[in-house]
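Undergrad: Chains as they are written, first to last, in the numbering used here: chain E, 86 to 376; chain Y, 86 to 376; chain W, 86 to 376; chain B, 86 to 376.
Protein chains: 4
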Amino acid sequence: MLTGKVIVVIGGDARQLEIIRKLSTLDAKLSLVGFDQLDDGYIGASKQSIDDVKWNKVDAILLPVSGMNNEGEIETIFSNEKVTLTPEMFSQTPQHCTIFSGITNDTLNQYVKKAKRRLVKLMDRDDIAIYNSIPTAEGTIMMAIQHTDITIHSACVAVIGLGRVGMSVARTFDALGADVKVGANESHQLARITEMGLTPFHTDHLKEELADVDICINTVPELIITAKVLAEMPLHALIIDLASKPGGTDFRYAEKRGMKALLAPGLPGIVAPKTAGKILANVLSDLLQGD
Amino acid sequence: MLTGKVIVVIGGDARQLEIIRKLSTLDAKLSLVGFDQLDDGYIGASKQSIDDVKWNKVDAILLPVSGMNNEGEIETIFSNEKVTLTPEMFSQTPQHCTIFSGITNDTLNQYVKKAKRRLVKLMDRDDIAIYNSIPTAEGTIMMAIQHTDITIHSACVAVIGLGRVGMSVARTFDALGADVKVGANESHQLARITEMGLTPFHTDHLKEELADVDICINTVPELIITAKVLAEMPLHALIIDLASKPGGTDFRYAEKRGMKALLAPGLPGIVAPKTAGKILANVLSDLLQGD
Amino acid sequence: MLTGKVIVVIGGDARQLEIIRKLSTLDAKLSLVGFDQLDDGYIGASKQSIDDVKWNKVDAILLPVSGMNNEGEIETIFSNEKVTLTPEMFSQTPQHCTIFSGITNDTLNQYVKKAKRRLVKLMDRDDIAIYNSIPTAEGTIMMAIQHTDITIHSACVAVIGLGRVGMSVARTFDALGADVKVGANESHQLARITEMGLTPFHTDHLKEELADVDICINTVPELIITAKVLAEMPLHALIIDLASKPGGTDFRYAEKRGMKALLAPGLPGIVAPKTAGKILANVLSDLLQGD
Amino acid sequence: MLTGKVIVVIGGDARQLEIIRKLSTLDAKLSLVGFDQLDDGYIGASKQSIDDVKWNKVDAILLPVSGMNNEGEIETIFSNEKVTLTPEMFSQTPQHCTIFSGITNDTLNQYVKKAKRRLVKLMDRDDIAIYNSIPTAEGTIMMAIQHTDITIHSACVAVIGLGRVGMSVARTFDALGADVKVGANESHQLARITEMGLTPFHTDHLKEELADVDICINTVPELIITAKVLAEMPLHALIIDLASKPGGTDFRYAEKRGMKALLAPGLPGIVAPKTAGKILANVLSDLLQGD
Ligand SMILES: NC(=O)c1ccc[n+]([C@@H]2O[C@H](COP(=O)([O-])OP(=O)(O)OC[C@H]3O[C@@H](n4cnc5c(N)ncnc54)[C@H](OP(=O)(O)O)[C@@H]3O)[C@@H](O)[C@H]2O)c1
Ligand SMILES: NC(=O)c1ccc[n+]([C@@H]2O[C@H](COP(=O)([O-])OP(=O)(O)OC[C@H]3O[C@@H](n4cnc5c(N)ncnc54)[C@H](OP(=O)(O)O)[C@@H]3O)[C@@H](O)[C@H]2O)c1
Ligand SMILES: NC(=O)c1ccc[n+]([C@@H]2O[C@H](COP(=O)([O-])OP(=O)(O)OC[C@H]3O[C@@H](n4cnc5c(N)ncnc54)[C@H](OP(=O)(O)O)[C@@H]3O)[C@@H](O)[C@H]2O)c1
Ligand SMILES: NC(=O)c1ccc[n+]([C@@H]2O[C@H](COP(=O)([O-])OP(=O)(O)OC[C@H]3O[C@@H](n4cnc5c(N)ncnc54)[C@H](OP(=O)(O)O)[C@@H]3O)[C@@H](O)[C@H]2O)c1
């Protein structure tokens, strides 16, 4: 339980609602900033303006998945009010106060450094990355169905990278009956791909291996589907690039060659905001209770 | 090979193109009616008006998946020209001439009866129904991802009916990590559901079993998700009704209760027209070569 | 519940114990013949000699899976006493009395015909055959592991027949990562094999298709793996023949050619007697309660 | 290719034969010590006594999976001759000569240290451990079928540890239809278990979680299934301990309590020696060619 803990939740989208619900159930004292258009009443939660927060009582501050922009502004879907953070707000909190944010940037890093507070980047955590790989895989499936005129079943699908996302995506396409090959660059990854019943290949041979695919899904966050690789791919092949912006595909060349290549960021929040919110809520409440 | 066989292909959508491609490869002599806007050149295929067909040379006539309406008219996606059949056209064909159509209706039945020709209803065939269950399942997956805010993984999913479509749909949702229960009414179906690692229930207990589902997919072509059943379902539950029109759901009551219930006919042609066309092309060419 | 029902259980192996346990739980009045070495006390069950049974009070008679031999004798694992049935015993029962037996033979058929009683052949039932296909598949897995020096994972495995057993066996070997092809002779079976993600082939091409297998599992109860077929198979290939005696393999020729071919009857009772007993107990109690 | 490379293969079991076959195909010059009873002729391979080896020409020395005992003796299945190594043999080799062994021990470590040669412990490699997890999982399946009277399908199975072996074992039992829970102690492992569709639990709660299992498989190489844990487990539960000797189970207490607990080392070499040999042969030939 979180009885007595004071938590300020600032801005965010539908995912934040699941967090609020969970923390409220655990009996935290919630201060909601940027939620004035929200109907639902939650036990122990009160809506506030950022200026009314009593920072010296706050045990934890929760920023959205997108964090804060470099001007200190925070996205608020449930409010028209502009919410802006200052380093002073952090400084006024008790020393043990922790800031939780999906991702960070230079400005946020400076704020917490200046205030000497602890920042937890939720999206950097291995557990969250793996849980999020589930809605990511489903979003990829949806896109593959929408953007091809063939079934995934029996299609020739290549997944690049056997990291946290790649493993889930590869398993999911295999489960739907695709003929899945996975590109990796370490021998233990090639072994695991084999064990999973998929076809392994080394990314050194990317060009040759992609020459016969119907669908190619990239998870490696560096330019790996280069013009040279694209030039050998079938024209009908669909590329879904999951790697964080700018992705791992030479999109300019793909377009020039008339190929469909889609950069698909942020799938969990798009295809399953409720599940994505629950993932954050569960990990967050474990962290807060563990403190 | 189909060398020397004269086949008239009348109307239809993208699926017909795969059939034309396949029959052309097998060296049939094709007469294409209702395809004037089509660019592609196929070996041995010529575009014709319905009035120019030499019916007395025709070995097989191919109607679209949707067949013919009760006025004898045939849908043509690749033409603005109106194409209308008469029973006389059939009568002029040689006795061995076979008519292939996706589905039939009273008028078409009368035409073939009058002309004493053989009619093959492709959609009635077990093999085609099973092959088509693959794109149907994928279309259902797509809809479930689009119309819920949770992942299919870990969702509670009920599939009603373990027929040709139900088996594929149930397997597919299970493969994506859903918690799948399947309703059936015969003991051998309940046994198979168990063997597949899914949870079986008898449709006599539909009301109780649907009381906790997130997603319900119906394949039974009769009113089975009645108002009584709906009244006990969670309000957030999504119903995807795959059964042929009018489906098996009391849609009026579902709407009244504020539930999302979707009738989803013709998924194969929508989500995977190329695969759906190949399915027809393969079976059709086997049938024509077997003759 | 079976309160008040008088059931005579005659002979059998460990599977019968699960049946006795279940019927006893359902409050039936049990008369156990051929179980004198059995320790366990079951509520409402009493051990008897066949001669002490009051046939005119009996509602149901339960013979073992193996039924009765042509001399009227019944196998008893838990007794040294010889148990022999006569048609007169059946005749003395009330008209509604039903005889349940795993399988039947000419003599048993004559007995029930003479006594005008109903005989239920449990092993003929579709539901039991499908439930039993699960331990059968596991027994086959065990044999494949024991009798090869390679893993099932990545092995080339052919399953012949997509009936009740074939479907389960094929799915199980696929689940373990084998490369599974399935031979069938009907187009709807070939479609289902494809949908399951396995490779279909027509048994007309058995000889060619078995030429590269590591393991071949037969479920077709007729001579199908003939000398001609065997002559083209790799010498190291293992044949596991599940079809009822005498199996579907030319064992004499296989041995002559130095190939390992195993006839493997009765796997459920061997590898999972408790599960096999529960399968019977569940179906039987449903039938008795439905009466 | 390995043309010109001189490799001494000393002792070992059937797995070594696959290695010899592979290296021979790659045109290495092989010296086989401890294989005098072997019939097969391999290209470029000659049988030798340990005393006849020209150590100063040797590029690589290959010891068996079991390595060498502390007296310098090496197991030889295909010979009655006693094969004993001395540190001097290693010292006579050229500086670049590499010694490959499955595992090592103090004596072997001293030998290579003294001779300043490189030792590669094959069994320590991640890729080999993962490939070997496949036959290990199959061996575990075989034991589970042999030592229970129920099916794996529908059984309640716990796997302890989500390492290289645990992941494969858990997946395999799930694939056979068991109800699989997996115990781990890191949050990212619990996330991956969830993603795999299995039930995660923290090993802090081992005692409670094992209280209802039918089969428990341990992969954690430390005493984890203690007397306290065992005391709460069902008496019928089967324990298969895969962890390296002495395993992670209090076997003495298990026996006292009348429970079946099996320590099962070396499964790959037992259930699939040919596959296990190929795994070594593939990795070894990659390493030798990479040098
Ligand atoms: N689109 C979305 O909705 C979405 C959702 C979640 C994540 N993402 C993004 O997806 C990307 C992957 O995320 P993740 O969590 O899976 O990261 P990750 O666990 O680090 O996986 C990346 C994998 O790529 C491998 N890799 C790197 N260079 C490679 C190369 N040249 N050849 C082959 N493999 C190579 C890495 O292998 P090593 O370990 O050997 O380096 C690693 O296994 C990230 O950019 C992340 O931001 C997107
Ligand atoms: N939406 C699409 O894109 C799409 C695509 C393909 C097909 N469909 C439609 O989907 C429906 C199912 O097609 P199908 O090929 O699967 O047909 P099917 O093989 O005949 O399956 C229907 C199943 O429903 C069972 N059933 C009937 N009444 C039942 C009840 N009261 N309780 C439980 N089960 C019951 C039947 O069992 P018994 O065998 O015991 O009667 C049968 O197994 C049809 O209406 C078809 O037109 C739609
Ligand atoms: N060893 C054991 O422990 C064990 C356990 C259970 C059962 N069995 C035995 O296993 C056998 C199969 O049992 P089951 O329940 O699966 O029977 P089943 O459902 O009748 O299956 C047999 C299948 O073989 C097919 N078939 C027949 N001739 C064929 C041919 N020439 N080519 C291809 N397929 C052909 C049948 O197809 P159609 O439907 O088109 O005819 C049917 O699908 C039986 O002999 C049974 O007694 C053994
Ligand atoms: N019987 C056979 O035939 C056979 C075959 C192959 C291997 N093995 C043996 O099997 C064992 C496992 O091998 P492996 O390759 O899988 O090793 P591994 O990859 O190191 O896996 C061991 C796993 O146990 C986890 N672990 C350690 N302590 C734990 C605890 N208290 N609670 C929960 N998890 C814990 C480790 O997690 P962390 O990563 O967080 O520490 C790790 O994931 C070894 O002893 C190996 O020798 C036996």
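Idealized CB from N, CA, C, for every residue including glycine.
What residues in its chain sit with their C-beta under 8 Å from that of S109 of chain E, if we drop five residues either side in the sequence?
TA: To locate residue 109 of chain E, count along the first sequence from 1; it is residue 24. Cβ neighbours of S109 of chain E beyond the five flanking positions: L115, Y127, I128, G129 and A130.
Undergrad: So is the beta-carbon of T288 of chain B under 6 Å away from any non-hydrogen atom of ligand 4?
TA: On the fourth sequence, residue 288 of chain B is found 203 positions in, with the first residue counted as 1. True, at least one ligand heavy atom lies under 6 Å from that Cβ.
Undergrad: N367 of chain B to K107 of chain B, Cα distance in whole Å?
TA: As a position in the fourth sequence, residue 367 of chain B is number 282, starting the count at 1. As a position in the fourth sequence, residue 107 of chain B is number 22, starting the count at 1. Distance between the alpha carbons of N367 of chain B and K107 of chain B is about 8 Å.
Undergrad: Roughly how many angstroms separate the alpha carbons of R210 of chain Y and I159 of chain Y, rounded to a whole number?
TA: Position 125 of the second sequence holds residue 210 of chain Y. Position 74 of the second sequence holds residue 159 of chain Y. Each residue's Cα considered, the two are about 22 Å apart.
Undergrad: Do you know offhand how far L147 of chain W's Cα is from L373 of chain W's?
TA: The residue you call residue 147 of chain W lines up with position 62 of the third sequence. The residue you call residue 373 of chain W lines up with position 288 of the third sequence. If I take the Cα positions, the gap works out to 11 Å.
Undergrad: Leaving out the 5 sequence neighbours to the left and right, which residues in its chain are closer than 8 Å to V138 of chain E when beta-carbon positions are compared?
TA: By 1-based counting over the first sequence, the position of residue 138 of chain E is 53. Same-chain partners within the cutoff: V93, S116, V118 and M174.
Undergrad: How about G97 of chain E: is its Cβ closer than 6 Å to a heavy atom in ligand 3?
TA: Taking the first residue of the first sequence as position 1, residue 97 of chain E is located at position 12. No, the Cβ of G97 of chain E stays beyond 6 Å of every heavy atom of ligand 3.
Undergrad: Taking only the alpha-carbon atoms, compute the straight-line gap between T183 of chain Y and A255 of chain E and give it to the nearest angstrom.
TA: Locating residue 183 of chain Y in the second sequence gives position 98, where the first residue counts as 1. Locating residue 255 of chain E in the first sequence gives position 170, where the first residue counts as 1. The alpha-carbon atoms of T183 of chain Y and A255 of chain E are separated by roughly 45 Å.
Undergrad: Taking 8 Å as the cut-off, does the segment 211 to 230 of chain W touch the segment 267 to 280 of chain Y (at least 3 CB pairs, one atom from each stretch)?
TA: The segment 267 to 280 of chain Y, when compared against the segment 211 to 230 of chain W, does touch it at the 8 Å Cβ threshold.
Undergrad: Alpha carbon to alpha carbon, what distance is there between R203 of chain Y and H181 of chain Y?
TA: Indexing the second sequence from 1 puts residue 181 of chain Y at position 96. Indexing the second sequence from 1 puts residue 203 of chain Y at position 118. The alpha-carbon atoms of H181 of chain Y and R203 of chain Y are separated by roughly 8 Å.
Undergrad: Suppose you measure from the CA of E294 of chain B to the CA of E293 of chain W; what does that come to, to the nearest Å?
TA: Taking the fourth sequence and counting its residues from 1, one reaches residue 294 of chain B at position 209. Taking the third sequence and counting its residues from 1, one reaches residue 293 of chain W at position 208. About 51 Å.
Undergrad: Kindly give me the distance between the Cβ atoms of L369 of chain Y and F185 of chain Y, rounded to whole angstroms, as I take these residues to be in contact under 8 Å.
TA: Indexing the second sequence from 1 puts residue 369 of chain Y at position 284. Indexing the second sequence from 1 puts residue 185 of chain Y at position 100. Rounded, the Cβ-Cβ distance is 6 Å, consistent with contact.
Undergrad: For P353 of chain B, which beta-bridge partners are listed by DSSP?
TA: As a working note, residue 353 of chain B is residue 268 in the fourth sequence. According to DSSP, P353 of chain B bridges with nothing at all.
Undergrad: Between which two residues does the alpha helix (DSSP H) harbouring A99 of chain Y extend?
TA: Here residue 99 of chain Y refers to the residue found at position 14 when the second sequence is read from its first residue. A99 of chain Y -> alpha helix (DSSP H) spans A99 to T110.
Undergrad: Look up K330 of chain E in the DSSP assignment and say whether it is helix, strand or coil.
TA: In the first sequence, counting from the first residue as 1, residue 330 of chain E sits at position 245. Looking at K330 of chain E - three-state DSSP - the assignment turns out to be coil, as it is neither helix nor strand.
Undergrad: Which residues mark the beginning and the end of the beta strand (DSSP E) in which G268 of chain E is found?
TA: Residue mapping note: residue 268 of chain E aligns to position 183 of the first sequence, counting from 1. D264 to A269 is the extent of the beta strand (DSSP E) around G268 of chain E.
Undergrad: To the nearest angstrom, report how far apart T311 of chain Y and L247 of chain Y are at their CA atoms.
TA: Numbered from 1 along the second sequence, position 226 holds the residue referred to as residue 311 of chain Y. Numbered from 1 along the second sequence, position 162 holds the residue referred to as residue 247 of chain Y. Near 19 Å, if we compare the C-alpha coordinates of L247 of chain Y and T311 of chain Y.
Undergrad: Quick one: what's got a C-beta closer than 6 Å to G224 of chain B's C-beta in the same chain, skipping five residues either side?
TA: Position 139 of the fourth sequence, counting from 1, holds the residue named residue 224 of chain B. Excluding sequence neighbours, G224 of chain B sits near L352 and V356.
Undergrad: Taking DSSP's pairing of strands, which residues face A240 of chain B in a bridge?
TA: As a first step, residue 240 of chain B is located in the fourth sequence; it is residue number 155 there, counting from the start. DSSP, once it has assigned bridges, lists no residue as partnering A240 of chain B.
Undergrad: Going by CA-CA distance only, name the one from Y:H238, Y:K201 and Y:N190 that's closest to M208 of chain Y.
TA: For the purposes of this step, residue 208 of chain Y is identified with residue 123 of the second sequence, where counting begins at 1. Among Y:H238, Y:K201 and Y:N190, the Cα nearest to that of M208 of chain Y belongs to Y:N190.
Undergrad: Where do the ends of the alpha helix (DSSP H) carrying I146 of chain E lie?
TA: Walking along the first sequence from the start, residue 146 of chain E turns up at place 61. Note, I146 of chain E: premise wrong, no alpha helix (DSSP H); beta strand (DSSP E) at A145 to L147.
Undergrad: Return the residue from the list B:R342, B:F258, B:L347 and B:D259 that minimises the CA-CA distance to L327 of chain B.
TA: Against the fourth sequence, residue 327 of chain B aligns to sequence position 242. Of the candidates B:R342, B:F258, B:L347 and B:D259, the one whose C-alpha sits nearest the C-alpha of L327 of chain B is B:L347.
Undergrad: Skipping 5 residues on each side, what residues in its chain have a beta carbon closer than 6 Å to that of L323 of chain W?
TA: Here residue 323 of chain W refers to the residue found at position 238 when the third sequence is read from its first residue. These residues qualify, in order along the chain: H232, T233, I300 and K345.
Undergrad: Run down chain E in chain order and give the residues with a C-beta less than 7 Å from the C-beta of M227 of chain Y.
TA: As a working note, residue 227 of chain Y is residue 142 in the second sequence. Chain E residues near M227 of chain Y: M227, I230 and Q231.
Undergrad: Going along the chain, which residues of its own chain have a beta-carbon closer than 7 Å to the beta-carbon of I364 of chain B, five neighbours each way excluded?
TA: Your numbering for residue 364 of chain B matches position 279 in the fourth sequence. Here the set comprises I213, Y216 and N217.
Undergrad: Taking only beta carbons into account, state which residues of the segment 198 to 215 of chain W come closer than 9 Å to chain Y, listed in chain order.
TA: Answer set for the segment 198 to 215 of chain W: R210, D211, D212, I213, A214 and I215.
Undergrad: At what residue ranges does the segment 276 to 318 of chain Y contain a whole run of the alpha helix (DSSP H), taking only runs of 4 or more?
TA: The segment 276 to 318 of chain Y contains these whole alpha helix (DSSP H) runs: 291 to 294 and 312 to 317.
Undergrad: Give the residues of chain W in contact with A357 of chain Y, contact being defined as C-beta atoms less than 8 Å apart.
TA: For the purposes of this step, residue 357 of chain Y is identified with residue 272 of the second sequence, where counting begins at 1. Under the 8 Å cutoff, chain W gives no residues; its nearest Cβ is about 14 Å from A357 of chain Y.
Undergrad: What in chain Y is Cβ-close to L275 of chain W, meaning under 8 Å?
TA: As a position in the third sequence, residue 275 of chain W is number 190, starting the count at 1. Ordered by position in chain Y, the residues that pass the 8 Å Cβ test against L275 of chain W are D212.
Undergrad: Pop quiz: L315 of chain B and R342 of chain B are said to be a contact at Cβ under 8 Å. What is the actual Cβ separation, rounded to whole angstroms?
TA: The count along the fourth sequence starts at 1 and reaches residue 315 of chain B at position 230. The count along the fourth sequence starts at 1 and reaches residue 342 of chain B at position 257. Between R342 of chain B and L315 of chain B the Cβ distance is about 6 Å, and since that is below 8 Å, they are a contact.
Undergrad: Using the beta-carbon of each residue, which ones in chain W are nearer than 7 Å to A282 of chain E?
TA: As a first step, residue 282 of chain E must be located in the first sequence, where it is residue number 197. The sequence shown places Gly at residue 282 of chain E, rather than the Ala named in the question. Result: G262.
Undergrad: To which residues of the same chain is I230 of chain E closer than 6 Å at the C-beta, ignoring the five residues directly before and after it?
TA: Walking along the first sequence from the start, residue 230 of chain E turns up at place 145. Cβ neighbours of I230 of chain E beyond the five flanking positions: none.
Undergrad: Is there at least one non-hydrogen atom of ligand 3 closer than 6 Å to the beta-carbon of S329 of chain W?
TA: In the third sequence, counting from the first residue as 1, residue 329 of chain W sits at position 244. Yes, since a heavy atom of ligand 3 falls inside the 6 Å radius drawn around the Cβ of S329 of chain W.
Undergrad: Check each residue of the segment 358 to 372 of chain E: if its Cβ is closer than 7 Å to any Cβ of chain B, include it; give the result in chain order.
TA: So the list is empty, because no residue satisfies the distance condition.
Undergrad: Thinking C-alpha only, which one of E:V91, E:K90, E:T171 and E:L102 is nearest P358 of chain E?
TA: Residue mapping note: residue 358 of chain E aligns to position 273 of the first sequence, counting from 1. Ranking the options by Cα distance to P358 of chain E, first place goes to E:L102.
Undergrad: Out of B:V91, B:I135 and B:A260, which one is the CA nearest neighbour of V143 of chain B?
TA: Along the fourth sequence, read from residue 1 onward, the residue named residue 143 of chain B stands at position 58. When only C-alpha atoms are compared, the closest one is B:V91.
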